[in-house]
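Heads up, the thing below is written out as structure tokens.
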Amino acid sequence: MAQAVATRDSTELNIIPGENLEDFVTFVIKDQMFGIPVLKVQDILTPHSIASIPLAPPEVKGSINLRGRIVTVIDVRIRLGLEKLPEGKAGMGVTVEQDNELYTLLVDKVGDVIGMRGPLGNCFPIDDWKGKNITIIAGGCGLAPVWPILQTVLANKKDFGELTLFNGGRTSGDILYRDEIESLSSEMKVQLSVDAEEPGWEDYVGFVPSNVLDKKPSPKNAIAITCGPPIMIKFVIQNLAEMGFSDDQIFTTVENKMKCGIGKCGRCNIGKDYVCIKGPVYCWADLKKLPLDY
Ligand code: FES
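Numbered as in my numbering, the sequence shown ends at 295 without a single skipped number.
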């Protein structure tokens with residue numbers, strides 16, 4: 002298999018180097034990085050000689066003369082409702098073209114030009130799950146990829162049946178989104194677990210698959226989505242099957258197989274599939290046909 006992986010290349014995957022790859026000029030505003038397509042950027046400068054514009058909104062610092070063109074200067078911090086740059090820090094100006102007009106955006110600093118490709122891969126087919134009860138089963142960091150499902154279901158409650166969340170961590174300190182889960186506990190069934198006894202823990206003690214088996218969510222008109230360590234996924238699926246869930250009622254995501262995420266390294270392949278291109282979300286009915294140890 003290692004040889005097969007090594008001989009695959011981007012041509013075989015129909016990924017042409019450069020295709021879908023877009024370069025962005027990055028800049029920072031208060032520790033957050035943003036990007037603008039490089040083709041929109043006309044100039045990067047340290048702004049000076051800014052002429053003020055009477056009665057302009059607060060974010061409009063004024064205008065500059067850029068090689069004969071009058072360019073409006075916008076302070077992005079003020080536009081975003083943030084405090085001004087500290088006194089003595091000038092920032093940088095990124096001049097961009099939009100609708101045939103030039104604007105200079107005042108930012109904290111300008112970073113590298115980076116190339117981005119994507120989006121690649123698939124996503125959870127949540128529209129197909131409308132009208133069904135949704136059971137999310139997560140362990141450790143596996144809650145993060147499925148958290149948007151939970152948020153979508155809660156934001157569109159009338160479209161779905163009952164929502165249940167199983168979530169476990171090695172210790173209570175390893176349980177992600179604990180405060181958020183607590184605040185949402187009146188809107189869904191929550192089943193938390195930790196692997197071993199610890200002082201003050203009143204919920205289930207044991208592994209996530211055992212908690213699922215203990216609580217026995219009904220397979221009737223239901224979809225179960227599981228994400229977490231591979232060993233957890235393996236036993237969750239076994240237990241769901243034991244409770245009567247059919248293969249097409251179970252979904253999982255195998256992004257833990259991915260490394261580069263852009264179809265280059267060949268480390269994510271399972272059988273004929275590259276997870277980063279075809280996945281990472283799979284229905285168990287499809288995944289079980291592939292040579293994967295789940
Ligand atoms: S080819 Fe690198 S993660 Fe898929």
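For glycine and all other residues, C-beta sits at the position ideal for the given N, C-alpha and C.
A quick note: this is a predicted structure, and the numbers were derived from the prediction, not measured.
- Contact check for residue 181 against residue 117 fails: the beta carbons are separated by 7 Å or more.
- Uninterrupted alpha helix (DSSP H) stretches at least 4 residues long and entirely within the segment 13–61 do not occur.
- By the CB criterion at 7 Å, residue 285 and residue 224 fall outside the cutoff.
- Taking C-beta atoms as the reference points, residue 156 and residue 147 fail to come closer than 7 Å.
- Membership of residue 225 in any alpha helix (DSSP H) is not indicated; the residue belongs instead to the beta strand (DSSP E) covering 223–228.
- In the DSSP assignment, residue 76 falls within the beta strand (DSSP E) that extends over 70–76.
- Our two residues, residue 178 and residue 283, have alpha carbons roughly 24 Å apart in a direct line.
- In the same chain as residue 30, and ignoring 5 residues on each side of it, the C-beta atoms closer than 8 Å to its own belong to 77, 78, 81, 83, 108, 109, in chain order.
- Taking C-beta separations shorter than 7 Å and ignoring five residues to either side along the sequence, the partners of residue 153 in its chain run 127, following chain order.
- In this structure, residue 268 has its CB closer than 6 Å to one or more heavy atoms of the ligand FES.
- Here the alpha carbon of residue 254 sits roughly 55 Å from the alpha carbon of residue 69.
- In the structure shown, residue 257 falls within a helical segment according to DSSP collapsed to helix, strand and coil.
- In this chain, residue 268 is not harboured by any beta strand (DSSP E), its DSSP state being neither H nor E.
- Just measuring C-alpha positions, the residue of 204, 200, 198 sitting nearest residue 192 is 204.
- Taking all protein chains shown into account, residue 172 has fewer than 16 neighbouring C-beta atoms within 10 Å of its C-beta and is therefore exposed.
- If you check the CB distance, residue 281 and residue 256 come in under 7 Å.
- Measuring C-alpha to C-alpha distances from residue 168 to each of 93, 271, 145 identifies 145 as the nearest.
- Less than 7 Å separates the beta-carbon of residue 135 from that of residue 161.
- In terms of side-chain proximity, the C-beta atom of residue 201 is found no nearer than 6 Å to any non-hydrogen atom of the ligand FES.
- According to the DSSP assignment, residue 284 belongs to the beta strand (DSSP E) that extends over 282–284.
- Taking one beta carbon from each stretch, the segment 229–239 and the segment 260–270 have fewer than 3 pairs nearer than 8 Å; the two do not touch.
- Going by C-alpha positions, residue 174 is about 12 Å away from residue 142.
- Measuring C-alpha to C-alpha distances from residue 206 to each of 195, 61, 216 identifies 195 as the nearest.
- In this structure, the CA atom of residue 288 is about 12 Å from the CA atom of residue 238.
- Listed in chain order, the non-local C-beta contacts of residue 133 below 7 Å within the same chain comprise 161, 162, 222, 223, 224, local neighbours out to five positions each way being set aside.
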